[in-house]
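Quick note: the sequence shown uses my numbering, first residue 12, plus one each step. Beta carbons: idealized from backbone N, C-alpha and C, even for Gly. Since the structure comes first, as structure tokens, the remarks are kept for the end.
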Amino acid sequence: MERIQRYNTGSKHALRAVLDDYFPELNGIFWSMKSKGLWAVLENCPFPEDVKRLGQKELTELIAKSTRRKGSAAKKVAELYHAAKETVGLKQIGIADRYRLKMYLEEVKRSEAQLKDIEEEMKKLLGEVPCAKNILSIPV
């Protein structure tokens with residue numbers, strides 16, 4: 012599990028590095044790397060040119076579908092669209108850059124799923140241990 016956690020952390024750092032190169036403003040718009048709105052953007056329009064091409068209406072629908080705070084989607088989109096226009100990130104985006112970002116996204120998703128599976132298996136095994144309810148009641 013520790014190895015997978017290290018791999019997950021490394022993948023997140025690599026993903027953050029790519030975003031810092033091409034769209035550094037994303038860090039200030041979305042509060043967390045776990046934000047569902049951010050993941051919707053990263054999977055559909057990860058680079059500033061993609062955001063501008065998609066347009067505000069479609070972007071609002073995309074973020075509203077993926078997040079619990081549907082009312083704040085328009086505000087996020089306004090920030091995101093403005094950031095895409097004014098970004099200080101690198102302008103030259105090639106096929107390799109898109110592929111690299113896609114691979115990091117997949118690595119993070121895969122390692123997150125593995126960690127979740129391991130935690131579920133651990134809970135199942137703990138259920139077979141005497142006094143497991145006491146152990147499981149301890150907050151993580």
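request  = Would you identify the three-state DSSP class for residue 149, choosing helix, strand or coil?
outcome  = coil
Cβ shell of residue 29 (< 8 Å), same chain only, five flanking positions each side left out = 108, 111, 112 and 115
Residues of its chain near residue 18, where Cβ-Cβ distance is below 8 Å and the 5 sequence neighbours each way are ignored = 118 and 122
task = Please go through the same chain and pick out, in chain order, the residues whose beta-carbon is closer than 8 Å to the beta-carbon of residue 126, but skip the five residues on each side of it.
result = Listed in chain order, the non-local C-beta contacts of residue 126 below 8 Å within the same chain comprise 12, 15, 16 and 19, local neighbours out to five positions each way being set aside.
request  = Helix, strand or coil for residue 20, going by three-state DSSP, please let me know.
outcome  = helix
task = Assign residue 124 to buried or exposed, taking buried as 16 or more other Cβ atoms, counted over all protein chains shown, within 10 Å of its Cβ.
result = exposed
request  = Would you kindly check if the distance between the Cβ of residue 63 and the Cβ of residue 25 is under 8 Å?
outcome  = no
key: contact_flag[the segment 37-56, the segment 68-84] where n(CB pairs < 8 Å) is 3 or more   = yes
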